[in-house]
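Undergrad: Take the sequence shown: its position 20, counted from the start at 1, is 1276 in the working numbering, and no numbers get skipped.
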Amino acid sequence: MNLTASALLGVLEEAGTDVLTLAEGLGEDELLNSRITRTEIRRLLLRMAQTAANLPPALRTRVPEIDWDGWAALAIALNGSEAEVCDGLWHGVRSQVPATLMWLRVYRQNQPELFAFVP
């Protein structure tokens, strides 16, 4: 795998870990009512969605369990109405990010070459 693909997977992992750290212990109401946390989590989720959209198709086929269509849908929600943003934030924190990080851990163990920074 090339350096760019490895770096993009690293961005997904780092941003996802940051999302879960920021949201740790927060209920839905707490998250949605915390303007600073909400803004930062939205920024990180959009970063993850943009990164997912920029992954080469060949890499996506090597990690098929990650919900790539879900990331595209989440990006739309996070740029939608207030209600869509709220739903997207909660879905991202409670479902999309944990599932993505779980699969990235599996792939890191089973296909370490995907994450290797070698020319």
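Ideal Cβ positions, reconstructed from N, Cα and C, are used throughout, including at glycine.
These numbers come from a predicted model, not from an experiment.
Taking L1301 as the reference, give the member of L1288, V1353, L1287 and A1309 with the closest Cα.
TA: Answer by Cα proximity: V1353.
Undergrad: Cα-Cα, which of L1265, A1261 and T1260 is closest to L1357?
TA: Residue L1265 is the option with its Cα nearest to L1357.
Undergrad: Our contact map puts R1318 next to W1324 with C-beta atoms below 8 Å; I'd like the distance itself, whole angstroms only.
TA: Incorrect: roughly 12 Å between the Cβ atoms, too far for contact.
Undergrad: Is the beta carbon of L1288 less than 9 Å from the beta carbon of L1345?
TA: Against a cut-off of 9 Å, the Cβ pair of L1345 and L1288 comes out as a contact.
Undergrad: How many Å lie between A1308 and E1340 at the Cα?
TA: Distance between the alpha carbons of A1308 and E1340 is about 20 Å.
Undergrad: Which parts of the region 1291 to 1361 are runs of the alpha helix (DSSP H), unbroken and 4 residues or longer, counting only runs that do not cross its ends?
TA: Correct list: 1291 to 1310, 1313 to 1318, 1324 to 1334 and 1338 to 1347.
Undergrad: With a CB to CB cut of under 7 Å and the five nearest residues on each side skipped, what residues in its chain are close to Y1363?
TA: V1319 and L1370, listed in sequence order.
Undergrad: Confirm, please, whether the CB-CB distance from A1305 to A1279 is below 9 Å.
TA: In this structure, A1305 does not lie closer than 9 Å to A1279 by Cβ.
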